[in-house]
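So for the sequence shown, UniProt numbering puts the first residue at 1; every next one is plus one. Inspection log for the structure reproduced underneath, given as structure tokens.
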Amino acid sequence: MLSISLQVGAGGVSNPCINAIVQDVQRLEHEAWREKELWGELEKIRTEKLFHSSFSRRGLLSWIKIFYQGSGSVSSTGTSAVVSGVAGIQKTTMVQKIVHDWATGIIYPQFHFVFVYKFRDLNIIHCRTALSRLMVEQYPCPRDVLDELWKHPEILLLIFDGLDEIRARIDFDAEPRRRCTDPQFLCDISDIVYSLIQKNLLPGCSVLVTSRPTALYLLSKAQVSVWAEILGFVGDERKEYFHKFFEDEELAASVYSHVEENELLLTMCYNPSYCWILGLSLGPFFTRKHNVKQQIPKTITQLFSYYIYHILTHHSVKMESLRNEMLNIGEMAFTGVSQRNIVFNNEDLIKCELQSSKFLSGFLMDLLEEECSEHNAVYTFPHLTIQEFVAALAQFLPQNPGNLRKLLNEAHKNEDGRFEIFLRFVAGLSSPRAAQPLEEFLGPFCRQRTCAVIDWLKETFKAQIKDVETVTGQRKLLNTLHYLFESQNKALTQLTLGSVQKLTFGDSASLRLTPIDCVVLAHTIGLCDTIQHLDLESSYIQDEGLQRLIPALQKCQHLSLYNNNLTADCAEDLASALSVNGSLITLELGHNNLGDLGVKRLCVALRNPACKLQALW
């Protein structure tokens with residue numbers, strides 16, 4: 001089961017949920033906003049409550065979580081709801097589930113008609129159209145009763161899936177060129193969606209929009225009643241997935257045991273698509289008779305390298321120019337990352353000297369998913385992260401150094417987050433261990449390009465460590481630590497951080513750290529003996545983040561954990577770290593929620609003779 005968080009509000013830019021979303025739109029990571037304490041108490045409800053007149057606190061089950069704020073309620077008539085979630089979190093699956101349950105009479109009896117549209121399909125409509133025409137073209141059956149439907153809009157639910165894939169801009173800050181008030185009125189697709197959400201068109205009908213977080217800024221001024229986010233798997237649901245993925249219980253247990261031992265892989269498992277990739281990539285390691293324990297991927301780059309390796313092993317066609325083919329698809333993927341495009345058509349293929357038949361008959365059949373409509377065919381990678389990985393892979397395939405350093409510098413300077421994961425993969429592929437599986441099929445990576453990446457990492461960190469006063473500077477420094485982590489280059493990490501004595505992520509900049517960030521930070525500090533001062537004030541690491549930082553906390557002399565929403569649940573782990581850290585002098589724990597139980601647990605550590613604390617807040 002998946003978890004969704006919802007917040008009920010009056011809509012508009014003053015909604016704190018939207019303010020937070022807009023501020024975090026640059027972040028591709030998802031954990032910071034998914035923490036339940038960010039907005040308040042979470043409740044579990046069924047999907048049918050999404051358009052319910054009120055959110056009852058009784059009998060709450062299943063896979064939607066709701067945030068309560070004030071005494072607001074959602075009307076069963078004319079509700080606009082937005083459900084967001086990162087790539088692969090199953091937004092489209094949720095839509096399919098809603099439609100199935102409605103069609104079988106399980107939910108939403110108030111809706112007599114449900115119309116579902118994908119923005120990726122609507123992109124191919126370049127001329128003006130009308131809502132009535134849009135309905136008839138995709139759903140011809142109600143053609144003869146449309147006039148009656150317009151008289152009773154409260155019985156309609158319109159679902160628009162994948163706002164992040166829309167190519168036209170929906171601007172709620174200003175009036176559209178044409179406000180649609182009549183279902184027969186010809187206007188742009190973007191204006192139809194705008195008018196439906198704003199209740200200019202068919203006031204009384206209900207609208208559901210799904211989107212990745214990166215496109216939610218488009219709706220920051222929209223009149224939306226319910227804001228929601230799909231949280232993905234939590235707790236034992238991750239383990240349950242692997243036991244359903246593998247028929248062999250022993251194999252499932254072995255794979256999940258490895259995932260559980262690796263903090264980074266375990267943290268990734270909130271996302272069903274990541275679990276799927278983990279299952280495909282890790283399964284073969286535990287079915288081989290010989291011991292390959294040391295080769296099992298431990299970083300995200302290594303994981304995706306084996307994912308592509310798995311596809312090449314089982315699905316690649318015998319081509320003389322497989323390396324060139326991968327370079328071409330990588331160039332198309334990179335263009336998509338640069339332009340925030342995840343949907344490609346035949347024209348995009350032709351520009352990159354690619355033929356659709358090879359995609360559909362070779363290994364790219366598994367890499368690309370074909371979406372057909374009556375007008376055209378479009379293609380998309382199964383997951384945005386796969387697109388970003390293939391884009392990074394293409395940087396190592398040319399046989400000359402080229403202007404890679406310039407490309408990396410420009411990508412790192414970008415502040416909207418589109419290149420963050422791409423750059424992590426580039427850094428990770430500079431590692432021989434990550435490159436080796438793919439070199440078996442694609443030939444050796446260009447040595448000059450690998451050296452260029454390593455030199456770029458040195459220069460980037462040297463420049464970035466000087467700029468930590470702003471949230472942008474701290475975020476870029478944090479990304480640089482992710483690059484070093486993915487490179488798995490111990491010597492490089494120690495060289496670049498050899499003179500650093502203090503790391504600051506928080507304070508007035510208010511940079512929120514995710515659990516994955518904490519894993520990376522702990523790894524970095526573990527390799528460097530010079531870092532004595534760690535300041536994470538107001539970085540909101542919470543209990544889960546602190547647990548992943550424990551190895552690092554055993555080395556610091558000065559530790560600032562002020563205002564991180566720490567509770568008694570993490571006090572035992574913190575006490576354990578204090579018991580073995582004989583060098584910690586100052587500890588700042590103010591403005592947390594340790595409670596009496598947490599303080600008692602800390603007192604045990606403070607009584608330990610090994611504890612050398614001189615100042616405690």
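Heads up, the beta-carbon is just placed ideally off N, CA and C, and yes, glycines get one too.
- H533 is bridged by DSSP to K502, H558.
- Going by C-alpha positions, T313 is about 10 Å away from L438.
- Check the Cα spacing between F242 and each of E469, A253, D101, L521: the tightest is with A253.
- In the DSSP assignment, the residues bridged to K118 are D161.
- For the options A168, S487, H112, the alpha carbon positioned closest to that of A434 is the one of S487.
- Minimum Cα-Cα distance from E154 among the listed residues K118, E331, C205 corresponds to C205.
- Where E420 is concerned, the enclosing alpha helix (DSSP H) starts and stops at 420–429.
- For V207, no alpha helix (DSSP H) run applies; the uninterrupted beta strand (DSSP E) run containing it begins and ends at 206–211, by DSSP.
- For a cut-off of 8 Å, the C-beta gap from A130 to P183 is around 6 Å, short enough to register as a contact.
- Under the 10 Å beta carbon count, Q542 is surrounded by 16 or more other beta carbons and is classified as buried.
- Taking C-beta separations shorter than 6 Å and ignoring five residues to either side along the sequence, the partners of T586 in its chain run H558, A615, following chain order.
- Ranked by Cα distance from S539, the first of N123, N592, L584, L495 is N592.
- Out of A394, D535, I311, E240, the CA that lies nearest to the CA of R449 is found in A394.
- Residue burial is scored here from C-beta neighbours: K466 has fewer than 16 other C-beta atoms within 10 angstroms and is therefore classed as exposed.
- Within the same chain, and ignoring the five residues on either side of Y483 in sequence, the residues whose Cβ sits closer than 7 Å to its Cβ are L423, R424, A427, L457.
- If the five residues before and after G598 are omitted, its C-beta is found closer than 7 Å to the C-beta atoms of T567, A568, A571, all from its own chain and listed in chain order.
- Bounds of the beta strand (DSSP E) holding E588 are 586–588.
- Between S195 and R169, the CB-CB gap reaches or exceeds 8 Å.
- In this structure, the CA atom of C180 is about 7 Å from the CA atom of N200.
- Taken through DSSP and simplified to helix, strand or coil, L201 comes out as coil.
- Contact check between the stretch 385–401 and the stretch 115–131: fewer than three CB pairs, one atom from each, fall below 8 Å, which does not count as touching.
- According to DSSP, residue pairing for N593 in a beta bridge involves T567.
- Counting only the Cα atoms, L216 lies some 10 Å from A222.
- Scanning C556, V83, G88 for the CA closest to the CA of A522 turns up C556.
- DSSP places L602 in the helix class (H, G or I) of the three-state scheme.
- Cα atoms of T530 and S576: separation of roughly 22 Å, rounded to the nearest angstrom.
- F119 sits close to F160, with the two beta carbons spaced by under 8 Å.
- DSSP, reduced to helix, strand and coil, places L616 within a strand of the structure shown.
- Here the alpha carbons of G88 and S273 stand approximately 5 Å from one another.
- Annotated as distal: T287 and V83, with beta-carbon spacing of 8 Å or more.
- When DSSP reads this structure, Y139 sits in no beta bridge, so it has no partner.
- A Cβ-Cβ separation of about 5 Å places T267 in contact with P515 under the 8 Å criterion.
- Taking each of L303, V255, V519 in turn and checking the Cα distance to S431, the smallest one comes out for L303.
- Secondary structure of L495 (DSSP, three-state): helix.
- Pairing C352 with N328 gives a Cβ-Cβ distance under 8 Å.
- Distance from V116 to V95 at the Cβ level is roughly 6 Å; contact confirmed, criterion being Cβ atoms closer than 8 Å.
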